[in-house]
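In terms of this note's numbering, the first sequence opens at residue 33 and continues consecutively.
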Amino acid sequence: MFKITHKSNKSRAGILRTRTGEYETPFFMPVATKAAAKYLDVNELGEINTSAIISNAFLLYLKPGLDVIKKHKGIHNFMNWKKCIFTDSGGFQVLSLNNFKDKFSDNGLKFKSPFDGSLHELTPKKVMEIEEAIGSDVAMCLDQMPLYNSSREQVEQATRRTHLFAEQCVKYHKDSKQLLFGIAQGGTFPDLRAESSKFISSLPFDGIALGGLAVGEPLEKMKEMIKISIENMPEEKPKYLMGVGSPKEIIEAVEQGVDIFDSVWPTRNARHGSLLTSEGELDIGKSIHKTSLLPVDKNCNCKVCKNYTRAYLHHLHKANEPLGNKLLTYHNLFFMQTLMQKLRKAIKDSKFEELKQEYGGF
RNA sequence: GUCUGGAUAGUUCAGCAGGUAGAACGCACGGCUGUUAACCGUGAAGUCGGAGGUUCGAGUCCUUCUCCAGACG
Numbered sequence: 033m034f035k036i037t038h039k040s041n042k043s044r045a046g047i048l049r050t051r052t053g054e055y056e057t058p059f060f061m062p063v064a065t066k067a068a069a070k071y072l073d074v075n076e077l078g079e080i081n082t083s084a085i086i087s088n089a090f091l092l093y094l095k096p097g098l099d100v101i102k103k104h105k106g107i108h109n110f111m112n113w114k115k116c117i118f119t120d121s122g123g124f125q126v127l128s129l130n131n132f133k134d135k136f137s138d139n140g141l142k143f144k145s146p147f148d149g150s151l152h153e154l155t156p157k158k159v160m161e162i163e164e165a166i167g168s169d170v171a172m173c174l175d176q177m178p179l180y181n182s183s184r185e186q187v188e189q190a191t192r193r194t195h196l197f198a199e200q201c202v203k204y205h206k207d208s209k210q211l212l213f214g215i216a217q218g219g220t221f222p223d224l225r226a227e228s229s230k231f232i233s234s235l236p237f238d239g240i241a242l243g244g245l246a247v248g249e250p251l252e253k254m255k256e257m258i259k260i261s262i263e264n265m266p267e268e269k270p271k272y273l274m275g276v277g278s279p280k281e282i283i284e285a286v287e288q289g290v291d292i293f294d295s296v297w298p299t300r301n302a303r304h305g306s307l308l309t310s311e312g313e314l315d316i317g318k319s320i321h322k323t324s325l326l327p328v329d330k331n332c333n334c335k336v337c338k339n340y341t342r343a344y345l346h347h348l349h350k351a352n353e354p355l356g357n358k359l360l361t362y363h364n365l366f367f368m369q370t371l372m373q374k375l376r377k378a379i380k381d382s383k384f385e386e387l388k389q390e391y392g393g394f
């Protein structure tokens with residue numbers, strides 16, 4: 033299901049085969065939590081060379097509910113995206129949003145639905161059933177992510193529990209056509225990271241995720257954790273760095289051997305006016321762009337840069353026009369997918385250093 | 001010409017038992033990373049139309065002037 037086709041130092045290019053096809057790595061997944069990438073439809077995602085997206089099993093289970101998705105024979109038909117879909121378990125939401133009133137235990141977690149107040153329990157078994165019903169290409173295990181700056185004891189507990197959940201996810205995952213990825217935790221404690229990476233690697237997962245990073249720690253710390261994680265994972269498995277990220281972080285991680293990414297960073301930043309360009313970030317909301325006839329990025333070939341001025345995009349952004357969010361999101365994701373394409377090529381051509389130079393503005 | 005209302009941050013306005021000013025937007029600068037978020041945070045910016053007066057103290061009360069809006073002539 034995963035084949036490494038090229039290597040350049042520690043970075044690699046490969047092919048991930050799932051139920052819907054073969055996808056070249058490294059790749060970046062736009063986040064479509066509720067089966068929708070905010071402001072873009074599936075045609076536009078395709079247009080910019082997206083091969084995979086990630087949705088959220090937990091939120092789809094609450095809304096619209098599994099019966100609706102089953103009626104479509106799975107999420108691919110439901111949202112009309114026929115390429116790769118990962119589903120995240122929902123542990124992240126319950127943990128990071130305090131209005132979910134979470135209650136983690138070794139059995140899983142109990143929570144109140146924010147939509148109708150109904151009580152639910154997410155156990156590893158239940159999460160596997162949900163993800164199988166949704167029919168994603170890749171299911172992620174239920175895990176518990178410790179927040180940044182948690183004490184060693186808290187990280188130890190979350191990691192231990194994550195391991196417990198991982199074993200049960202393996203046990204209860206039945207759909208042989210769906211890949212299952214485990215998630216390593218360990219916070220920013222090197223020994224816990226190493227231990228968790230080893231443990232998750234010992235289970236028969238199709239891929240391994242590095243969880244609990246990009247949660248506020250400095251870049252150097254994150255790099256250190258990635259290094260330790262990768263060293264303690266088998267080379268042949270695909271590695272997925274969850275929640276990352278910015279161009280700089282992705283380049284650093286690919287250099288260390290990470291294959292898969294997802295993040296809200298480019299899309300949320302787009303909505304907030306922060307655009308990715310060949311010269312670094314550009315804040316379209318600043319008044320210096322108010323009358324600018326320049327494109328966002330003269331070196332970008334996306335339809336936004338080809339057709340609209342900074343002044344127009346500035347206007348849409350300041351006027352809170354939905355079209356502004358759409359165009360800015362489109363541009364940022366185009367930038368990300370172009371970056372991933374270049375990374376794949378650079379690995380194949382052994383030109384990673386040159387590429388890193390090219391993106392020096394970040 | 002008379003009457004009435006108004007003149008407070010770049011803009012639109014709030015403030016009024018008289019105790020040396022606030023909001024929103026704008027501006028500047030940060031932030032955003034497994035998304036229930038077209039968001040969050042910080043900051044700069046006003047001799048309260050001018051001149052007098054009453055008062056310990058006036059954006060707030062009185063007089064007068066200027067300008068704006070409306071009504072009546």
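Backbone N, C-alpha and C fix where the C-beta goes; we use that ideal spot for every residue, glycine too. These numbers were taken from a predicted model, which means no experiment stands behind them.
field: Other residues of its chain near Gly218: CB distance less than 6 Å, five sequence neighbours each side excluded
entry: Thr191, Leu224, Arg225 and Ser228
message: Check this for me: beta carbons of Val170 and Trp113, under 8 Å apart or not?
response: no
message: Can you tell me whether Thr52 is helix, strand or coil according to DSSP?
response: coil
- prompt: Where does the unbroken alpha helix (DSSP H) through Leu345 begin, and where does it stop?
  reply: Arg342 to Lys350
task: Check the C-beta distance from Tyr362 over to Cys332 and give it rounded, since I have them as a contact under 8 Å.
output: Contact flag wrong, Cβ pair sits at about 11 Å.
field: Residue interval of the alpha helix (DSSP H) (run including Phe213)
entry: It is not in any alpha helix (DSSP H) - Phe213 instead sits in the beta strand (DSSP E) that spans Leu211 to Ala216.
- prompt: Which runs of the alpha helix (DSSP H), 4 residues or longer, sit entirely within the stretch 284-321?
  reply: 297-303
Cβ pair count under 8 Å reaching 3, the stretch 277-292 against the stretch 236-249: yes
Own chain, CB closer than 6 Å to Ser310, minus 5 neighbours either side, in chain order: Asp329 and Asn331
task: Leaving out five residues on either side along the sequence, give the residues of the same chain with a beta carbon under 7 Å from the beta carbon of Ser278.
output: Trp297 and Phe394
message: Tell me whether the stretch 245-261 and the stretch 351-369 touch, counting them as touching only if at least three CB pairs, one residue from each stretch, are closer than 8 Å.
response: no
- request: Determine the extent of the alpha helix (DSSP H) in which Ile262 is found, giving its start and end residues.
  value: Leu251 to Glu263
task: Only counting runs of 3 or more residues, tell me where the beta strand (DSSP E) segments fall wholly within the stretch 80-156, in order along the chain.
output: 84-88, 116-120, 135-137, 140-144 and 151-154
- prompt: Looking only at its own chain, which residues have a Cβ that is under 6 Å from the Cβ of Ala302, when we skip the five neighbours before and after it?
  reply: Leu360, Thr361 and Asn364
message: I need the boundaries of the beta strand (DSSP E) containing Gly239, first residue and last residue.
response: Gly239 to Leu242
field: Residues near Leu196 in its chain [Cβ-Cβ closer than 7 Å; skip 5 each side]
entry: Asp138
query: How big is the Cα-Cα spacing for Met257 and Ile282?
result: 14 Å
- prompt: Is Ile162 buried or exposed, if buried means 16 or more other CB atoms sit within 10 Å of its CB?
  reply: buried
message: Let me confirm a value: Arg184 is counted as buried when at least 16 other C-beta atoms fall within 10 Å, else exposed. Which label applies?
response: exposed
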